[in-house]
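Residue numbers (the working numbering): 4 to 372.
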């Protein structure tokens, strides 16, 4: 005989298993689904057997596919089949032969719809997984191209730490020791070490493949973080950055790492466009952020490079399209995929008198940054 403790554990496990199956559906959604099943059952029972009212269970299955886990969808489909069979025996009017035919059609429709819907759902999940894998590969490749820039960015605070440590030692070795100067040097060591750790942390976050997590994002702050990663390239190629950021930018909801990757792709492409330009001056990249009237956010990255011919602007975001000799053309394609997954839009157009502008829009949460 089970003890009270065992019964309690069994109930917890049962509740957890139900919670997993119903993940994504609220109590009211489940209740509405059950009410719809009951309504179809009543309609199927009170109408003649010649009327295939049970076919409407297909709508229940389609709703279940959107809200429930696969096992729960199959259970819902089996419930609909059972209700169809029970309704046949409870229906008092109509031809039994027609009822059998209509019942068979209804059961077949429920089964085929369930199978096709689950196949489509699996295909969508596989496509999403492939997109995430491609996004991770693009991040790694982009960071590979930025290795020198990252090394430069980390080397600066480390060199400053060394200098400050030597200064601290000298101030402590004086007679009498200059404690105030030594304290200031120690504070500089702490600040520079933190800066180096932040660079490493940003790089690790970009490389690691983590589950997609929606959170509040302040785009202006994110733009500053990504600029820190490409600062080495900006200095190496003497590229000026002009920031035109809206201080009252709405907060957006999204995956921080994915949006960071989009910005990194756009910044890197702009740097390369300016670097490869045949014109010596000006070498400038402008980054603009604006809050739109409908609470959306617009970010535009423009450069003074050679630009892209008008007939190629529409194909820029296609997979494997590239203008680089060693590129594989997935950066902008992944960026478009990420932006569209966030219910946003991305586009490119020519900059006057020369250069290119790539901008994207995302829906804001309405909260000001």
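All C-beta atoms in this analysis are idealised placements derived from N, C-alpha and C, irrespective of residue type, glycine included.
Only a predicted model underlies this, so the values are computations on that prediction, with no experimental measurement involved.
Does DSSP put residue i in a helix, a strand or coil?
i           : result
residue 334 : helix
residue 310 : coil
residue 362 : strand
residue 97  : coil
residue 241 : coil
residue 193 : helix
residue 249 : coil
residue 40  : helix
residue 79  : helix
residue 289 : strand
residue 347 : coil
residue 217 : strand
residue 51  : coil
residue 24  : Because the pLDDT at residue 24 is just 47, under 50, the model does not fix this residue reliably, and the point stays unresolved.
Could you tell me whether the Cβ atoms of residue i and residue j are closer together than 8 Å?
i           : j           : result
residue 53  : residue 109 : no
residue 228 : residue 291 : no
residue 286 : residue 245 : no
residue 308 : residue 353 : no
residue 55  : residue 105 : yes
residue 88  : residue 117 : no
residue 302 : residue 271 : no
residue 195 : residue 157 : no
residue 263 : residue 225 : yes
Here's a check: name, in chain order, each residue in its chain whose Cβ is nearer than 6 Å to the Cβ of residue i, leaving out the five neighbours to either side.
i           : result
residue 86  : 44
residue 380 : Residue 380 lies beyond the residue range present for the chain, which begins at 4 and ends at 372; the question has no answer from this structure.
residue 31  : none
residue 265 : 338 and 341
residue 345 : 257 and 365
residue 19  : Here residue 19 scores only 39 on pLDDT, less than 50, and its place in the model should not be relied on; the value that follows carries that caveat. So no residue of the chain qualifies.
Skipping 5 residues on each side, what residues in its chain have a beta carbon closer than 7 Å to that of residue i?
i           : result
residue 273 : 288, 304 and 306
residue 83  : 40, 60, 63, 64 and 113
residue 299 : 364, 365, 366 and 367
residue 175 : 185
residue 94  : 48, 52 and 102
residue 198 : 160
Closest by CA to residue i, which one among the options?
i           : options               : result
residue 121 : 166, 37 and 72        : 72
residue 251 : 267, 232, 280 and 221 : 221
residue 361 : 276, 269, 275 and 294 : 269
residue 295 : 317, 130 and 249      : 249
Taking the beta carbon of residue i as the centre, do at least 16 other beta carbons fall within 10 Å, making it buried, or is it exposed?
i           : result
residue 339 : buried
residue 357 : exposed
residue 314 : exposed
residue 312 : exposed
residue 335 : buried
residue 161 : exposed
residue 135 : buried
residue 15  : With a pLDDT of 45 at residue 15, under the threshold of 50, the modelled position of this residue cannot be trusted; read the value that follows with caution. So residue 15 counts as exposed.
residue 277 : buried
residue 235 : buried
Can you give me the Cβ contacts of residue i inside the same chain, cut-off strictly under 8 Å, excluding the 5 residues immediately before and after it?
i          : result
residue 23 : Reliability of the predicted coordinates at residue 23 is poor, the pLDDT of 44 falling under 50, and no value is obtained from them.
residue 91 : 52, 102, 103 and 106
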